[in-house]
Amino acid sequence: MRTPRLTAPIICSVLIALAGGNAFAKPTVALKLAGVILEKDASGKVTMVPVDSTPAKPGESIRYTITASNTSGEVAKKFVSSGRIPNGTQYEPGSSAIAAPGHIEFSLDNGKTWSAKPMIRVRQPDGSMAMKAADPAAYTNIRWISGKDLAAHASTSYTYVVLVK
Amino acid sequence: MKNRAYSAGFLALLLFVGIAPAYATQTPAGTTISNTATASYTDSNGNALTATSNTVSTVIQNAPTLTDTNGGNQTVAPNTNATDTFTLTNTGNNAGDFQIASPTLSGGSSSLTSYTVTLPAGSVYNGANAGGSYGTPSSGTSAPTTAQTFATLAALNQFLAAVNVPSQSAATVAVNYAVGNTSAGTTITDTLPATITYPATGSAATATSATATSTETDTVQNDARLDVRKTSSQNPTTGNITYTVAVNNGGAFTAHYVQALQQSSFGFGAATMTGTPGGILIVDKVPTFGSPTAVPLALVGTPSVSFTRGTNGFPNDASETAVVYCTTAATPASGWSMSCPTTGTVTYVGVLISGGSLANSATGGDGLQPNAAGSAATGGTSPTGPAVTAAAVTLSFTIVPPTGTGAGTAGSVTNVADSIFTNNSATPQIVGPTGTYTDGNTGSAATALLPAIENSTPDTTGGEPGASGQTSNQALASYAVLVGPSGFPAALGDATNTGTATINGDFTDWSFMDPSAPPTATSTTPGATVTGNSTSQTESMCVPETLENAGNLQDTAISLSVTAPTSPSGWTAWLTSNSGCTTALNGASAGSTSSTSTAITLASGSSLTFYVKYTAPVGTPAFTAEQALITATGTPNGATANTNTTYDELYNGFIALVKQQNVISSGCPTGVTVTTICPGGVLGYTITVENLAKAATGTGASEPASALLTNSVAGIVVTDDGTSGTNWFAQIGTTGTYVTSGVNAIPTLTIGGTANTASVCTYSYGNPAAGATTTFTAPVYAPPYSNGPSKLSCVLGGAAGSAYQLPAGSNTSSTWMVFSFNVTVRAN
Numbered sequence: 003m004r005t006p007r008l009t010a011p012i013i014c015s016v017l018i019a020l021a022g023g024n025a026f027a028k029p030t031v032a033l034k035l036a037g038v039i040l041e042k043d044a045s046g047k048v049t050m051v052p053v054d055s056t057p058a059k060p061g062e063s064i065r066y067t068i069t070a071s072n073t074s075g076e077v078a079k080k081f082v083s084s085g086r087i088p089n090g091t092q093y094e095p096g097s098s099a100i101a102a103p104g105h106i107e108f109s110l111d112n113g114k115t116w117s118a119k120p121m122i123r124v125r126q127p128d129g130s131m132a133m134k135a136a137d138p139a140a141y142t143n144i145r146w147i148s149g150k151d152l153a154a155h156a157s158t159s160y161t162y163v164v165l166v167k
Numbered sequence: 138m139k140n141r142a143y144s145a146g147f148l149a150l151l152l153f154v155g156i157a158p159a160y161a162t163q164t165p166a167g168t169t170i171s172n173t174a175t176a177s178y179t180d181s182n183g184n185a186l187t188a189t190s191n192t193v194s195t196v197i198q199n200a201p202t203l204t205d206t207n208g209g210n211q212t213v214a215p216n217t218n219a220t221d222t223f224t225l226t227n228t229g230n231n232a233g234d235f236q237i238a239s240p241t242l243s244g245g246s247s248s249l250t251s252y253t254v255t256l257p258a259g260s261v262y263n264g265a266n267a268g269g270s271y272g273t274p275s276s277g278t279s280a281p282t283t284a285q286t287f288a289t290l291a292a293l294n295q296f297l298a299a300v301n302v303p304s305q306s307a308a309t310v311a312v313n314y315a316v317g318n319t320s321a322g323t324t325i326t327d328t329l330p331a332t333i334t335y336p337a338t339g340s341a342a343t344a345t346s347a348t349a350t351s352t353e354t355d356t357v358q359n360d361a362r363l364d365v366r367k368t369s370s371q372n373p374t375t376g377n378i379t380y381t382v383a384v385n386n387g388g389a390f391t392a393h394y395v396q397a398l399q400q401s402s403f404g405f406g407a408a409t410m411t412g413t414p415g416g417i418l419i420v421d422k423v424p425t426f427g428s429p430t431a432v433p434l435a436l437v438g439t440p441s442v443s444f445t446r447g448t449n450g451f452p453n454d455a456s457e458t459a460v461v462y463c464t465t466a467a468t469p470a471s472g473w474s475m476s477c478p479t480t481g482t483v484t485y486v487g488v489l490i491s492g493g494s495l496a497n498s499a500t501g502g503d504g505l506q507p508n509a510a511g512s513a514a515t516g517g518t519s520p521t522g523p524a525v526t527a528a529a530v531t532l533s534f535t536i537v538p539p540t541g542t543g544a545g546t547a548g549s550v551t552n553v554a555d556s557i558f559t560n561n562s563a564t565p566q567i568v569g570p571t572g573t574y575t576d577g578n579t580g581s582a583a584t585a586l587l588p589a590i591e592n593s594t595p596d597t598t599g600g601e602p603g604a605s606g607q608t609s610n611q612a613l614a615s616y617a618v619l620v621g622p623s624g625f626p627a628a629l630g631d632a633t634n635t636g637t638a639t640i641n642g643d644f645t646d647w648s649f650m651d652p653s654a655p656p657t658a659t660s661t662t663p664g665a666t667v668t669g670n671s672t673s674q675t676e677s678m679c680v681p682e683t684l685e686n687a688g689n690l691q692d693t694a695i696s697l698s699v700t701a702p703t704s705p706s707g708w709t710a711w712l713t714s715n716s717g718c719t720t721a722l723n724g725a726s727a728g729s730t731s732s733t734s735t736a737i738t739l740a741s742g743s744s745l746t747f748y749v750k751y752t753a754p755v756g757t758p759a760f761t762a763e764q765a766l767i768t769a770t771g772t773p774n775g776a777t778a779n780t781n782t783t784y785d786e787l788y789n790g791f792i793a794l795v796k797q798q799n800v801i802s803s804g805c806p807t808g809v810t811v812t813t814i815c816p817g818g819v820l821g822y823t824i825t826v827e828n829l830a831k832a833a834t835g836t837g838a839s840e841p842a843s844a845l846l847t848n849s850v851a852g853i854v855v856t857d858d859g860t861s862g863t864n865w866f867a868q869i870g871t872t873g874t875y876v877t878s879g880v881n882a883i884p885t886l887t888i889g890g891t892a893n894t895a896s897v898c899t900y901s902y903g904n905p906a907a908g909a910t911t912t913f914t915a916p917v918y919a920p921p922y923s924n925g926p927s928k929l930s931c932v933l934g935g936a937a938g939s940a941y942q943l944p945a946g947s948n949t950s951s952t953w954m955v956f957s958f959n960v961t962v963r964a965n
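Chains X and S, in that order, give the protein sequences. Heads up: the first sequence runs through residues 3 to 167, numbered per my numbering. Heads up: the second sequence runs through residues 138 to 965, numbered per my numbering.
See the structure below:
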């Protein structure tokens with residue numbers, strides 16, 4: 003890249019503008035993140051409150067929704083969306099889904115490595131090492147691999163829930 | 138950016154244990170939770186592109202929560218200080234200060250004394266006034282983590298309000314209270330509500346938790362209680378009595394050592410002065426018996442004690458032990474040593490439980506630990522009192538049985554074992570059968586506890602804690618009856634002349650006479666069997682005897698029988714109960730040659746005076762012993778008969794006078810026989826006085842004087858009237874020719890051959906002698922008397938009232954009295 007200090011959308015926009023036609027058009031995807039706190043009263047009734055309007059308490063859940071909108075006329079190929087499990091929270095297993103052929107992967111190391119089912123090595127009582135599925139509470143990131151393109155002017159969204167520790 | 142696919146296996150190689158975050162820690166208040174999404178994709182040329190979302194943030198607010206737990210329900214002893222410890226844990230997401238809201242303590246006589254709080258590490262002052270000496274430390278200053286005690290709830294809360302306790306840390310609040318004199322079974326309820334308040338942190342506002350409450354229910358149980366059960370057994374052959382004293386702590390808390398036993402006055406020495414001081418003392422007074430001064434019964438062998446560490450409440454501590462001690466002192470206040478002589482000098486036997494290295498506590502440590510299932514304060518039988526089914530300590534010792542009067546009486550020896558220990562009261566109290574005393578290594582404490590270990594009152598209904606029931610024993614039964622002379626049933630005599638006096642040969646001399654035919658000797662030869670007249674009518678007499686129960690217990694089946702003399706025929710005998718011989722003794726029949734009384738009851742050592750009425754038939758000869766036999770029969774000792782006999786020697790007169798006439802000088806020419814005495818001759822009269830009653834002969838005889846016949850101090854009075862008939866003054870015996878000039882000199886007396894000049898004579902003169910009578914110590918011949926005394930009457934061997942008393946059996950020259958006087962013959 004010629005302008006390493008610029009962000010990708012800006013670069014795309016510049017390139018499109020310089021090209022002056024579709025032959026140089028790049029797909030543009032806009033991401034929006036929203037969060038609501040799922041407050042449950044004594045009767046079990048759940049009320050959703052935007053995170054920006056109220057503080058959270060330990061034990062409460064926050065549901066995040068990522069909405070991706072292809073605002074261009076170009077197809078965004080191999081579209082993958084990622085979310086974080088913020089510090090002070092933990093992923094609630096099963097709180098997210100994706101339609102086939104897509105699949106979800108998780109990271110234990112802030113996105114360096116990914117796996118649909120992260121494993122860890124543990125030391126057995128006899129001293130030997132064995133592989134064991136990692137606790138979902140240890141997940142640091144989540145990503146949705148759609149397995150398909152995001153069509154021009156199309157949008158898609160993903161949700162997941164974290165628990166405030 | 139090119140999407141990369143990583144296999145699970147590859148990921149696994151990169152991840153290790155420990156990566157996972159800690160779950161327990163809550164997200165701290167004030168923490169900002171931020172999130173941003175990203176996306177990646179490519180264009181149609183394969184160029185990697187990305188997208189980033191907006192950032193969503195929220196702040197974590199204060200979420201104060203706490204847990205309040207107690208240390209678990211516990212048992213407490215009356216009059217002790219107890220502590221319920223509550224743990225307050227800050228389980229929320231911030232540091233905060235605890236507050237105690239309206240705690241309650243109720244039940245029995247319990248009362249709050251104080252609170253003690255212990256803060257966890259990391260607790261810091263928050264800048265508020267902590268109260269009292271704490272003042273207002275700067276915010277952030279570390280608060281003390283050592284125990285802090287507060288007398289009031291207000292002081293406690295002021296301190297707590299000034300301290301922030303870290304999240305996930307716990308403080309303890311101990312509620313200290315006095316149980317008071319609360320009866321066993323009472324529950325004491327201790328409730329401690331608490332909250333925690335978090336300060337405003339960042340944009341997180343201050344918040345207070347809901348109230349957490351914990352309630353601890355303590356149950357009052359009996360303090361330590363030593364149940365002492367004493368039993369006894371007896372060797373059927375030797376009669377030795379073995380005592381077993383079993384001791385168990387039937388309370389719910391440890392029985393501790395009595396510190397006062399350290400006092401050197403007791404003598405326990407190092408056992409109570411080194412290591413863990415003091416001890417528990419079990420004391421058993423050695424039974425005493427005897428009269429007038431009861432003395433301890435001698436130990437047989439050495440007393441022993443048994444226990445097993447770790448069993449029935451005896452601590453599993455190799456340095457705690459139980460040792461037998463004895464004392465020969467009059468009281469258990471002194472003289473204790475491990476020497477237990479068998480010489481009958483030991484007055485108290487004890488077991489000292491001492492030593493040990495365990496830390497003392499209400500339910501553990503040195504002493505005797507609770508074994509509530511091992512005994513009961515009441516319910517024991519034979520004897521009634523505490524029941525011990527699982528003894529921690531058992532003392533055993535044996536004594537000889539009592540002997541002598543009453544020894545066989547049921548319960549002749551009784552005994553009670555005592556114990557002392559110190560309880561768990563806030564002010565430790567010595568607990569003994571007679572009460573409680575404040576413990577301490579002081580002389581006054583040592584003196585105060587003495588009544589507890591001298592106690593002789595048994596614990597029959599749980600009223601004398603620490604004492605046993607009362608054992609009751611006696612010597613093996615030994616029946617023995619004795620019958621003998623009045624007042625002397627154990628006299629030894631030889632009524633049957635065997636040469637040896639025996640308990641069955643004792644006798645009583647008794648005399649009687651027929652007033653119409655006084656006993657008169659016809660014998661003229663001293664020393665020979667004295668003959669005389671005999672009774673002309675029946676004569677009765679009432680002879681006292683004594684019956685005694687010399688056995689060691691009461692006998693209710695004593696019988697008496699008497700067999701009258703057999704010669705001459707016609708004697709009868711009757712057992713009577715009164716000195717007049719008019720009331721039958723226990724149904725004895727009269728009028729026969731024998732008489733029997735049955736079912737006489739006599740307590741051990743007691744006696745009965747009874748009387749035998751004899752009736753002598755006509756013709757009973759004078760000066761002859763007529764022998765009756767009395768037999769007493771008591772309950773036999775197994776197969777061994779239990780009888781005793783005594784005799785009555787019955788005399789129709791027992792003082793016999795044998796008179797002889799001798800010619801001292803005839804006054805006749807040579808060749809004239811003495812029967813033809815001549816004027817100027819001298820006649821001598823000799824009167825031998827014999828006491829024919831049976832004497833206390835036989836080796837070992839112990840016949841009382843009262844059972845033997847002798848003359849009274851009025852004396853034997855010999856009267857010889859020379860003017861009576863053809864007697865020596867007016868007419869000389871066979872001649873009829875001469876008379877005498879009376880007694881010519883002072884009469885003489887020998888006793889057993891030895892001259893005695895103490896006789897006192899009264900002389901009469903003339904014929905008849907009833908004329909002028911003058912008493913002189915010696916006869917006179919001076920005018921108006923032309924002759925010597927014609928009659929004399931002499932008290933032998935002394936004046937009346939102090940005359941010589943001739944002992945029974947004085948029928949030989951070595952013992953009898955010989956009274957002599959002479960008269961001078963003259964022509965009529």
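Note that the Cβ used here is the ideal one computed from N, Cα and C, for glycine as well. This one's a predicted model, so the numbers in the text were calculated from it and none came from an experiment.
| query | result |
| --- | --- |
| Rounded to whole angstroms, what's the CA-CA distance from residue 548/S to residue 252/S? Just pull it up for me. | 58 Å |
| Applying the criterion that 16 or more other CB atoms from any shown protein chain within 10 Å of the CB defines a buried residue, is residue 245/S buried or exposed? | buried |
| What do you reckon, are the CB atoms on residue 880/S and residue 929/S nearer than 7 Å? | yes |
| If we count the other Cβ atoms within 10 Å of its Cβ and call it buried at 16 or more, is residue 163/S buried or exposed? | buried |
| Indicate whether at least one CB of chain S lies closer than 7 Å to the CB of residue 34/X. | yes |
| Against chain X, does residue 276/S count as a neighbour if the rule is that its beta carbon must be under 7 Å from one of theirs? | no |
| Could you name each continuous beta strand (DSSP E) segment of 3 residues or more that falls completely within the stretch 292-380 of chain S, going from the start of the chain to the end? | 307-315, 324-335, 349-357, 363-371 |
| For residue 429/S, is the classification buried or exposed, using 16 other Cβ atoms within 10 angstroms of its Cβ as the cut-off for buried? | exposed |
| Helix, strand or coil for residue 793/S per DSSP? | strand |
| Compare the C-beta of residue 171/S with all C-beta atoms of chain X and state if any pair is closer than 7 Å. | yes |
| Give me the Cα-Cα distance between residue 424/S and residue 390/S, rounded to the nearest whole angstrom. | 33 Å |
| Whole angstroms is fine: what's the gap from residue 81/X's alpha carbon to residue 174/S's? | 13 Å |
| Please classify residue 720/S: is it buried, with 16 or more other beta-carbons within 10 angstroms of its beta-carbon, or exposed? | exposed |
| Whole angstroms is fine: what's the gap from residue 146/X's alpha carbon to residue 140/X's? | 18 Å |
| From residue 269/S to residue 328/S, what does the alpha carbon distance come to, in whole angstroms? | 26 Å |
| In this structure, does DSSP put residue 187/S in helix, strand or coil? | strand |
| Using a C-beta to C-beta distance shorter than 9 Å, which residues of chain S count as neighbours of residue 86/X? | 171, 172, 173, 174, 175 |
| Please go through the same chain and pick out, in chain order, the residues whose beta-carbon is closer than 8 Å to the beta-carbon of residue 471/S, but skip the five residues on each side of it. | 402, 403, 404, 464 |
| Residue 525/S touches chain X at which residues, Cβ-Cβ below 7 Å? | Going along chain X, no residue has its Cβ under 7 Å from residue 525/S, so there is no contact; the nearest lies around 51 Å. |
| Can you pull the DSSP bridge partners for residue 929/S? | 857/S, 900/S |
| For residue 90/X, which residues of its own chain have a beta-carbon under 8 Å away from its beta-carbon, when the five flanking residues on both sides are left out? | 166, 167 |
| Beta-carbon of residue 180/S versus every beta-carbon of chain X: anything under 7 Å? | yes |
| Which term fits residue 571/S, buried or exposed, when burial requires 16 or more other beta carbons within 10 angstroms of its beta carbon? | buried |
| What residue does the alpha helix (DSSP H) around residue 39/X start on, and which one ends it? | Premise fails: residue 39/X lies in the beta strand (DSSP E), 31-42, not in any alpha helix (DSSP H). |
| Using three-state DSSP, classify residue 54/X as helix, strand or coil. | helix |
| Contact criterion: CB-CB distance below 7 Å. Does residue 417/S meet it with respect to chain X? | no |
| Let's test the definition: count the other Cβ atoms within 10 Å of the Cβ of residue 105/X and tell me whether it reaches 16, buried, or not, exposed. | exposed |
| Considering just the uninterrupted stretch of the beta strand (DSSP E) at residue 710/S, what are its terminal residues? | 709-713 |
| Tell me the DSSP secondary structure of residue 399/S in three-state form. | helix |
| So, are the CB atoms of residue 689/S and residue 545/S less than 7 Å apart? | yes |
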